[in-house]
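In this note's numbering, the protein residues as written are 189 to 336. One structure below.
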């Protein structure tokens, strides 16, 4: 407690500033004693190539049971586009698969496109679908919930 009182008196008289200036000089001298450390800090800089492109893998599936939809949506979550071929599937299974995967695509802010009879393209939110078919299918009312 006496030390705190003495520090306050010294700071009031203006002696504390000299102590701080001496400490700053000591720190600067220590930094100047090791000039090679500056070079090491510069050598540690990492260079990234901003123009590198990640290769895209398109997954093509032909589900035979509803149990396979989890794998389809996992691919969408991993940002891989998925083509689902339901030409050979039963109509009830095809409807359930399209409903589930289109819901997951909506939840992930992705897009979907009917490519052919029973063939659908589902893409994650980092990709867009550009097609003349999209406007035609919207006009026909196949996917009225899809907005351009």
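Note that CB positions come from ideal geometry on N, CA and C, so glycine has one too.
Taking all protein chains shown into account, do 16 or more other C-beta atoms lie within 10 angstroms of the C-beta of residue 193, making it buried, or fewer, making it exposed? exposed
Can you tell me the Cβ-Cβ gap for residue 257 and residue 289, rounded? I've got them flagged as a contact below 8 Å. 6 Å
Looking only at its chain, what residues have a beta carbon closer than 6 Å to the beta carbon of residue 318, apart from the 5 residues adjacent to it on each side? none
Can you find the residues in the same chain that come closer than 6 Å, C-beta to C-beta, to residue 251, ignoring five residues on each side of it along the sequence? 285
Residue 315 to residue 271 span [Cα, whole Å]: 14 Å
Grouping DSSP H, G and I as helix and E and B as strand, with all else coil, what is residue 196? Here residue 196 sits in helix by DSSP.
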